[in-house]
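In what follows, a structure is listed as structure tokens, so that the remarks can point back to it.
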Amino acid sequence: MDQILDYTIAKYFADNFLVNQSDLKYTILQPTNLTEEKGTGKISLDVTGVTSNPIPDVQRHWLKSSSMIILLVRLS
Numbered sequence: 140m141d142q143i144l145d146y147t148i149a150k151y152f153a154d155n156f157l158v159n160q161s162d163l164k165y166t167i168l169q170p171t172n173l174t175e176e177k178g179t180g181k182i183s184l185d186v187t188g189v190t191s192n193p194i195p196d197v198q199r200h201w202l203k204s205s206s207m208i209i210l211l212v213r214l215s
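So the sequence shown is numbered by my numbering: it starts at 140 and just counts up by one.
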């Protein structure tokens, strides 16, 4: 549980920095329910509430994103 909390805190600050303190192009991926269904070629974007996406669709979107930045932060 501590690792999830560390990740959540680090992601919050990384997302906040990208949105409010940088001129970088970015894609912020938020948690969703991943399903093992066959991909549809679509993913849910800008959705409020509980959603789900097939794993192959999320992978495809992740790989096609041209401005992906990964920030790794270790909290002690």
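Virtual Cβ for every residue (Gly too), placed ideally from N, Cα, C.
Fair warning: this is a prediction, and the values are worked out from it, not measured in the lab.
Between which two residues does the beta strand (DSSP E) carrying residue i extend?
i	result
T129	Coverage of the chain is limited to positions 140 through 215, which leaves residue 129 absent and any answer about it impossible.
S191	191 to 193
Could you give the distance in angstroms between the alpha-carbon of residue i and the alpha-carbon of residue j?
i	j	result
I148	N155	11 Å
V122	T171	What the structure shows of the chain is the stretch from 140 to 215, and residue 122 is not part of that stretch, so it cannot be assessed.
E175	R199	14 Å
D162	I182	26 Å
G178	D145	31 Å
Which one of the options has the shortest CA to CA distance from residue i?
i	options	result
I194	Q160, L173, I167, T187	L173
Tell me whether the beta-carbon of residue i lies closer than 8 Å to the beta-carbon of residue j.
i	j	result
L157	Y151	no
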